Amino acid sequence: VKFDFLGLATLTILEMAKDFIIQRYPAQKNFSFEDLPLNDKKVYDLFGRGQTEAVFQFESIGMQRMLKDARPNRLEDLIALNALYRPGPMELIPTYIARKQGKEVPEYPDPRVQPILEETFGIMVYQEQVMQTAQILGGYSLGGADMLRRAMGKKDKDEMDTHRAVFRKGAGQGGLSEEKADAVFDLMEKFAGYGFNKSHSAAYALLAYHTAWLKVHYTAEFFAANMSVEADDTDKLKTLFGDAQKMGIQFESPDINRGDYRFEPISATAVRYGLGAIKGTGQQAIAAIVAARQATGPFTSLYDFCVRVDRSKLNKRTVEALIKGGAFDNLHLNRAELLASVDRAFEFAAAAEANANQGGLFDMADSHAASTQEPALVEAVPFGVKARLVLEKTAIGFYLSGHLFDEVEAEVRQFAKRKIEDLIDSREPQLLAAIVSDLRVINGNRGKLILFKLDDKTDVLEASVDEAVFNAHRNLLKDDELVIVQGTLQGASERFGRRFKVTQVWDLETARCKFGKYLRVAVNGTAPDIARLVRDFPPRREMSEQGELSRGLPVRLSLRRQYGSEGARAELHLGDAARFFPSDAALASWMVQADRGLASIVYE
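Under my numbering, think of the first position of the sequence shown as 1, with each following residue one higher.
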């Protein structure tokens with residue numbers, strides 16, 4: 001007996017999603033996958049777009065590319081494509097697609113086998129088709145056809161010679177010439193060597209259809225189930241998170257007062273992040289949190305939390321991870337103060353427990369009856385956006401409540417217009433702005449190859465840079481740093497996705513000099529202190545082949561006047577002496593002196 005465990009995780013996901021559906025929609029109490037129609041156009045449209053992340057057996061990049069070309073519109077297509085997408089028959093995929101789309105006429109080795117090969121447009125895809133051909137044309141019994149299939153799979157020459165003679169004889173009795181019989185036998189032998197069992201492929205395709213159906217019709221439940229099963233795999237979670245956002249799903253941050261261990265759908269378009277997916281937590285700790293909350297109600301503060309949760313199952317690192325991941329935000333938004341107060345909160349909880357054990361200050365069974373006043377949180381300056389998100393990434397594995405690209409997106413899109421999701425396969429250089437992550441160095445025969453990922457919110461792209469370029473820009477190519485890069489897109493292979501070969505790297509300030517035209521500063525009767533600003537932020541100078549080059553931006557003062565219904569505008573171009581280096585600090589200083597803070601770089 002042969003058991004196939006390949007689809008166990010998918011079956012778990014389907015069952016969990018079904019539970020979510022029944023919990024959220026009482027009218028669906030009798031929901032069953034067996035009742036789903038198998039001709040849902042929206043489902044096949046999803047396959048045709050190649051939007052099959054987390055769809056069983058159709059997740060790979062090569063599969064997604066094949067689906068876009070094939071545009072399947074029936075279950076039989078999914079069965080066939082699943083069987084064809086493996087070493088050997090893969091070379092027949094273009095033929096299958098061309099015949100399916102009417103660009104090529106199907107060919108059959110004999111009219112008598114057309115009924116069994118028609119669904120695959122004349123191509124022997126399945127082992128069953130080889131066996132049926134042997135029965136119809138060669139006069140084999142069912143058992144004999146199975147023996148032939150096994151012999152073809154083993155490629156035993158002596159056994160194959162014996163079967164060839166048997167097939168010739170049977171085919172001759174059916175009216176085929178010896179030459180034609182040999183041609184058919186050769187064709188059968190070719191396909192039998194890699195033909196897939198149709199029953200397996202059909203079972204896989206049905207599971208794939210069910211998962212795709214969920215993704216289309218119960219998207220929140222689909223992603224909640226998938227992410228719950230993949231909670232320990234940060235890379236998989238990040239991929240699912242991005243795919244869910246593309247499908248319109250929003251994520252509610254983890255919350256100690258509402259969250260559970262697993263992800264939960266909270267509306268048709270929203271999922272609450274699972275507490276168990278925060279690094280450094282674990283099932284015991286989350287179970288203790290949920291138990292305390294269910295026993296005596298929502299937590300009211302960090303101190304209340306540490307007093308009520310069983311600290312034998314909860315340590316300081318777990319609490320810190322929960323804070324970094326945003327699970328305390330609904331109690332207190334300043335994560336810096338919460339982190340600074342963890343030690344104080346554990347000390348307070350220990351003292352409260354000691355007093356309770358002595359029958360002293362308050363009864364631990366009813367934390368709301370406490371008579372001991374909680375101390376204030378340790379004062380701390382709130383984290384900036386970058387610091388908050390980087391810490392969040394250490395707990396979640398990626399940015400959840402925002403993105404480091406958010407603050408710069410409006411500006412960089414003025415010159416690095418192309419998004420990662422819109423990149424085209426071209427040998428022409430392309431310009432990208434993105435956040436660096438997952439930097440790693442690979443030692444090869446030709447030296448070091450540096451790989452990293454570029455993330456601009458629309459997608460994540462694998463990138464590479466050679467050792468010389470990396471050494472020249474080592475200070476820029478770091479995790480969580482914004483870079484502007486130029487390079488070429490290398491097409492996807494069967495195993496790997498697209499890769500961006502980086503040839504040039506800039507930080508934002510240098511990119512402002514390279515791609516910006518000038519700084520426009522609004523004035524209204526009072527000129528800014530140009531001399532001081534240029535003195536504080538002078539242009540940087542470097543040597544090039546053409547001589548000394550000033551890396552600074554010129555300045556234009558823009559004056560507007562309104563006279564009743566009439567208006568006038570004048571623009572004063574300052575000379576090279578007013579060039580400055582456009583750092584963030586410099587731009588902030590120009591904005592302070594500009595009319596209504598209107599100072600911005602013009603890129604086109």
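Note that CB positions come from ideal geometry on N, CA and C, so glycine has one too. The structure displayed is predicted, hence computed values, not measured ones.
Residue 437 and residue 480 do touch by the CB rule: their CB atoms are close to 7 Å apart, below 8 Å. Here the alpha carbon of residue 19 sits roughly 22 Å from the alpha carbon of residue 243. By the CB criterion at 7 Å, residue 327 and residue 266 fall outside the cutoff. Selection 483, 122 and 354 evaluated against residue 111 yields 122 as nearest (Cα-Cα). Residue 34 sits in a helix when the DSSP states are folded into three classes. Scanning 430, 246 and 349 for the CA closest to the CA of residue 314 turns up 349. The count of Cβ pairs closer than 8 Å, one atom from the stretch 75-85 and one from the stretch 203-220, reaches three, so the stretches are in contact.
The Cβ neighbour count for residue 582, taken over all protein chains shown within 10 Å, is at least 16; the residue is labelled buried. Around the beta carbon of residue 249, a 10 Å sphere encloses 16 or more other beta carbons of the protein chains shown; the residue is thus reported as buried. A residue is called buried once 16 or more other Cβ atoms fall within 10 Å of its Cβ, and residue 11, having fewer, is exposed. Annotation: residue 57 is outside any beta strand (DSSP E) and is labelled neither H nor E by DSSP. Out of 400, 101, 431 and 337, the CA that lies nearest to the CA of residue 383 is found in 337. Within a 10 Å sphere around the beta-carbon of residue 163 sit 16 or more other beta-carbons, which makes this residue buried.
The beta strand (DSSP E) runs lying completely inside the stretch 242-269 and spanning 3 residues or more are 250-252 and 264-267, given in chain order. When C-alpha distances from residue 452 are compared across 435, 533, 397 and 113, the shortest belongs to 435.
Where residue 573 is concerned, there is no enclosing alpha helix (DSSP H), although the beta strand (DSSP E) around it starts and stops at 566-573. When 21, 181, 489 and 521 are compared, the shortest CA-CA separation from residue 428 is found for 489.
Taking a 10 Å sphere around the C-beta of residue 100, we find 16 or more other C-beta atoms and assign the residue as buried.
Pairing residue 124 with residue 153, the inter-Cα distance amounts to about 15 Å.
With contacts defined by Cβ atoms closer than 7 Å, residue 395 and residue 416 do not form a contacting pair. Nearest to residue 109 by alpha-carbon distance, out of 185, 466 and 96, is 185. Taking the C-beta atoms as reference points, residue 84 is found no nearer than 7 Å to residue 70.
With respect to the 7 Å criterion, residue 499 and residue 462 are classified as neighbours on the basis of their beta carbons.
A Cβ-Cβ contact shorter than 7 Å links residue 414 with residue 603. Residues of the same chain with a CB within less than 6 Å of the CB of residue 573, apart from the 5 flanking positions on each side, are 556 in chain order. For residue 153, no beta strand (DSSP E) segment is defined; the enclosing uninterrupted segment is the alpha helix (DSSP H) at 142-154. In terms of Cβ geometry, residue 484 and residue 459 do not form a close pair [threshold 7 Å]. By the CB criterion at 7 Å, residue 129 and residue 116 fall inside the cutoff. Counting every other CB atom within 10 Å of its CB across the protein chains shown gives residue 142 a total below 16, marking it as exposed.
CA-to-CA, the gap between residue 444 and residue 554 works out to about 45 Å. By the beta-carbon neighbour count (other beta carbons within 10 angstroms, threshold 16), residue 120 is buried. By the criterion of a C-beta distance shorter than 7 Å, residue 220 is surrounded in its chain by 249, 265, 267, 268, 269, 270 and 271, once the five residues flanking it on both sides are discounted. In the DSSP annotation of this structure, the continuous segment of the alpha helix (DSSP H) that includes residue 324 starts and ends at 316-324. Annotation: the continuous beta strand (DSSP E) that includes residue 452 extends over 447-455. Note on residue 552: 16 or more other CB atoms within 10 angstroms of its CB, so buried under the neighbour-count rule. Counting the other CB atoms within 10 Å of its CB gives residue 8 a total below 16, which places it among the exposed residues.
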